[in-house]
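Undergrad:
Protein chains: 2
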Amino acid sequence: MSNSKLYKGSLNTIILKLLDEQGKMYGYEITQKVKALTKGELQITEGALYPALHKLEAEGLLDVEVAKVDNRLRKYYMLTEAGEKETVNRLAELEEFIRSMQNLVNPNWSIN
Amino acid sequence: MSNSKLYKGSLNTIILKLLDEQGKMYGYEITQKVKALTKGELQITEGALYPALHKLEAEGLLDVEVAKVDNRLRKYYMLTEAGEKETVNRLAELEEFIRSMQNLVNPNWSIN
DNA sequence: CCTTATGCATAATAAACTTAGGTATATATT
DNA sequence: AATATATACCTAAGTTTATTATGCATAAGG
Numbered sequence: 011m012s013n014s015k016l017y018k019g020s021l022n023t024i025i026l027k028l029l030d031e032q033g034k035m036y037g038y039e040i041t042q043k044v045k046a047l048t049k050g051e052l053q054i055t056e057g058a059l060y061p062a063l064h065k066l067e068a069e070g071l072l073d074v075e076v077a078k079v080d081n082r083l084r085k086y087y088m089l090t091e092a093g094e095k096e097t098v099n100r101l102a103e104l105e106e107f108i109r110s111m112q113n114l115v116n117p118n119w120s121i122n
Numbered sequence: 011m012s013n014s015k016l017y018k019g020s021l022n023t024i025i026l027k028l029l030d031e032q033g034k035m036y037g038y039e040i041t042q043k044v045k046a047l048t049k050g051e052l053q054i055t056e057g058a059l060y061p062a063l064h065k066l067e068a069e070g071l072l073d074v075e076v077a078k079v080d081n082r083l084r085k086y087y088m089l090t091e092a093g094e095k096e097t098v099n100r101l102a103e104l105e106e107f108i109r110s111m112q113n114l115v116n117p118n119w120s121i122n
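Sequence order for the protein chains is A and B. For the first sequence, the positions run 11 to 122 when this note's numbering is used. For the second sequence, the positions run 11 to 122 when this note's numbering is used.
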């Protein structure tokens, strides 16, 4: 990703969260979605994304569906049942992490 | 640190922030402070902390002051002038990161 | 024709961490 | 007396996770 080294570890959770929201997405779409949602601040590199997707698939959290659109290959990824359960856990963990970080960095912030 | 792989990249900033607040701290104190502030959620491992401190020192952001308390060695670290300036930058970057993450993970949160 | 965008992927490298080990003193427990 | 726990420093080896660089291929715009 672009913005320094802060994002390590959270990429998988971000992917799971997006797939949970969107139903199914393909790799390139994920990079663009994250870029848009963060106004260009987070740029997922392909060298990080595709290995991450493959790993999540190997772990049984994602299913793949290949499609051909405009003569171009697309691999749609979607959550398996196990993936949906895991998404809940990882999101909770990430949210807790964010709260901890906030508390360390800026205890004046309050979250609603 | 203990809680998974989420904290990567933010350790240096956390150290700088704490030293900015506390004036001077020694290594063990930092681990305990972070543990306390996060109610045990973030546990900085020594294998991460000491190399980080030495690197920050090598970068000219920290100064060291050795003291002997109760027959035990303590190395107090404190920000240099360059360290104070850098702390401002890194904190701003980390806060921006936290906002981005929040926006991705839970857009319903508002920050005050 | 060449660049930009779309779409996939991997290999080499670098950074940041965990795990495991080491040294040493002080205090509390069995 | 022996052992565990807490304090206090440190490093080496290995893992994870990312970046950078590269490759293949199609489509659209200049």
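We put the beta carbon where it would ideally sit given N, CA and C, even for glycine. No experiment lies behind these values; they were computed from the predicted model shown.
Go through its chain and collect everything with a Cβ distance to leucine 89 of chain A's Cβ below 8 Å, but skip five positions before and after it.
TA: Translated into positions along the first sequence, residue 89 of chain A becomes position 79. Only Leu26, Leu29, Asp30, Leu71, Leu72, Asp73, Thr97 meet the Cβ criterion.
Undergrad: Between glutamine 42 of chain B and chain A, is there a C-beta pair that is closer than 7 Å?
TA: Locating residue 42 of chain B in the second sequence gives position 32, where the first residue counts as 1. Judged by the 7 Å Cβ criterion, glutamine 42 of chain B is not in contact with chain A.
Undergrad: Check whether the region 55-71 of chain A and the region 34-42 of chain A are in contact - that is, three or more C-beta pairs closer than 8 Å.
TA: At 8 Å Cβ cutoff, the stretches touch.
Undergrad: Pick out whichever of A:Arg84, A:Glu69, A:Glu105 has its Cα sitting closest to the Cα of glutamate 75 of chain A.
TA: Within the first sequence, residue 75 of chain A is the residue found at index 65, counting from 1. Nearest of A:Arg84, A:Glu69, A:Glu105 to glutamate 75 of chain A, Cα basis: A:Arg84.
Undergrad: Beta-carbon of leucine 26 of chain B versus every beta-carbon of chain A: anything under 7 Å?
TA: Stepping through the second sequence from its first residue, residue 26 of chain B is reached at position 16. False, the Cβ-Cβ gap to chain A never drops below 7 Å.
Undergrad: Is glutamine 32 of chain B buried or exposed, if buried means 16 or more other CB atoms sit within 10 Å of its CB?
TA: For the purposes of this step, residue 32 of chain B is taken as the residue at position 22 of the second sequence. By the 10 Å Cβ count, glutamine 32 of chain B comes out exposed.
Undergrad: For leucine 104 of chain B versus valine 44 of chain A, is the C-beta distance shorter than 7 Å?
TA: Locating residue 104 of chain B in the second sequence gives position 94, counting from the first residue. Locating residue 44 of chain A in the first sequence gives position 34, counting from the first residue. No, the pair does not count as a contact, with Cβ atoms beyond the cut-off.
Undergrad: Hey, does methionine 111 of chain B have any beta-carbon neighbour from chain A nearer than 7 Å?
TA: By one-based count along the second sequence, residue 111 of chain B stands at place 101. Closer than 7 Å: yes.
Undergrad: In the DSSP output, which residue or residues are listed as bridge partners for arginine 82 of chain A?
TA: By one-based count along the first sequence, residue 82 of chain A stands at place 72. Arginine 82 of chain A is bridged to A:Val79.
Undergrad: Any residues in the region 45-62 of chain B with a beta carbon nearer than 8 Å to a beta carbon of chain A? Which ones, in chain order?
TA: Against chain A - using a Cβ distance shorter than 8 Å - the residues of the region 45-62 of chain B are Leu47, Thr48, Glu51, Leu52.
Undergrad: Hey, would you say serine 20 of chain A sits closer than 7 Å to glutamate 51 of chain B, going by beta carbons?
TA: As a position in the first sequence, residue 20 of chain A is number 10, starting the count at 1. As a position in the second sequence, residue 51 of chain B is number 41, starting the count at 1. No.
Undergrad: Have a look at the DSSP bridge pairing and note the partners of aspartate 73 of chain A.
TA: In the first sequence, counting from the first residue as 1, residue 73 of chain A sits at position 63. Aspartate 73 of chain A pairs with A:Met88.
Undergrad: Would isoleucine 108 of chain B and glutamine 112 of chain A be called neighbours here (beta carbons separated by less than 7 Å)?
TA: Residue mapping note: residue 108 of chain B aligns to position 98 of the second sequence, counting from 1. Residue mapping note: residue 112 of chain A aligns to position 102 of the first sequence, counting from 1. Yes. Within cutoff.
Undergrad: Determine, for valine 115 of chain B, whether the minimum Cβ-Cβ distance to residues of chain A falls below 7 Å.
TA: Locating residue 115 of chain B in the second sequence gives position 105, where the first residue counts as 1. Yes, its Cβ sits closer than 7 Å to a Cβ of chain A.
Undergrad: Closer than 8 Å between beta carbons: that is the criterion. Which residues of the region 79-111 of chain B meet it against chain A?
TA: Against chain A - using a Cβ distance shorter than 8 Å - the residues of the region 79-111 of chain B are Leu101, Glu103, Leu104, Glu105, Glu106, Phe107, Ile108, Ser110, Met111.
Undergrad: Using three-state DSSP, classify lysine 49 of chain B as helix, strand or coil.
TA: Here residue 49 of chain B corresponds to residue number 39 of the second sequence, with the count starting at 1. Coil at lysine 49 of chain B, not helix or strand.
Undergrad: Are the beta-carbon atoms belonging to tyrosine 86 of chain A and lysine 34 of chain A less than 7 Å from one another?
TA: The sequence position of residue 86 of chain A within the first sequence is 76, counting from 1. The sequence position of residue 34 of chain A within the first sequence is 24, counting from 1. Yes.
Undergrad: Please report the straight-line C-alpha distance between alanine 102 of chain B and leucine 63 of chain B, rounded to a whole angstrom.
TA: Within the second sequence, the letter at position 92 stands for residue 102 of chain B. Within the second sequence, the letter at position 53 stands for residue 63 of chain B. Each residue's alpha carbon lies about 20 Å from the other.
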